[in-house]
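What follows is a short report on a single structure.
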Amino acid sequence: MTAATALILFAHGARDPRWAQPFEAVAAELSRLCPDESVQLAYLEFMSPGLLEAAEAAVARGAQQVRVVPLFLGAGGHVRKDLPELLQALRARHPMVHFELEQAIGERDEVVQAMAQAIARPRHPGLVS
């Protein structure tokens, strides 16, 4: 079965593979919540797959719409400049596929509220001292 809609979670990437664990958890939960969408992580640098590779794979699986959600707290240079350039290249390569860039996740009201509520609670012991 192919998903007509693909959801690509776009994160920065890091040299330490452990950095990706929270993003992998979000992707797994989204796969559970959105079984009709193909969910995949993509990274700007240091990790694979990159956005172009992830989008090409989604199109090869039959995606007609690709939603790209930046997993950034704010829309800085990567979200405002680098990401639109990557999407422009994808749109040129696949004019029949709709590529949609969503708001940076950290700028959504519900995420701001969730972070504030989590921070307001007592700190979880043993994480970082």
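In this note's numbering, the protein residues as written are 1160 to 1288.
Idealized CB from N, CA, C, for every residue including glycine.
Count the other CB atoms within 10 Å of the CB of residue i; is the residue buried (16 or more) or exposed (fewer)?
i	result
G1229	The residue asked about is misnamed: residue 1229 is Pro in this sequence, not Gly. Classification for P1229: buried.
S1197	buried
Q1199	buried
Taking the straight line between their C-alpha atoms, what separation do you get for residue i and residue j?
i	j	result
V1270	H1253	32 Å
M1255	M1274	38 Å
L1245	F1182	21 Å
L1166	R1282	32 Å
P1194	F1258	20 Å
D1268	K1240	23 Å
A1170	R1280	26 Å
G1221	Q1272	36 Å
Indicate whether residue i and residue j have their beta-carbon atoms separated by less than 7 Å.
i	j	result
R1174	F1205	yes
L1260	V1227	yes
L1163	Q1247	Reading off the sequence shown, one finds Ala at residue 1163, where the question assumed Leu. No, they are not a contact pair.
L1249	A1214	yes
A1277	G1233	no
L1203	H1237	yes
Starting from residue i, follow its DSSP beta bridges and name the residues at the other end.
i	result
V1227	I1167, L1260
G1221	Answer is none; G1221 lacks a bridge partner.
A1201	F1169
E1196	T1164
G1209	Y1202
Using a Cβ-Cβ cutoff of less than 7 Å, which residues in the same chain neighbour residue i once the five nearest sequence positions on both sides are dropped?
i	result
V1218	H1253, V1256
G1265	F1231, L1232, G1233
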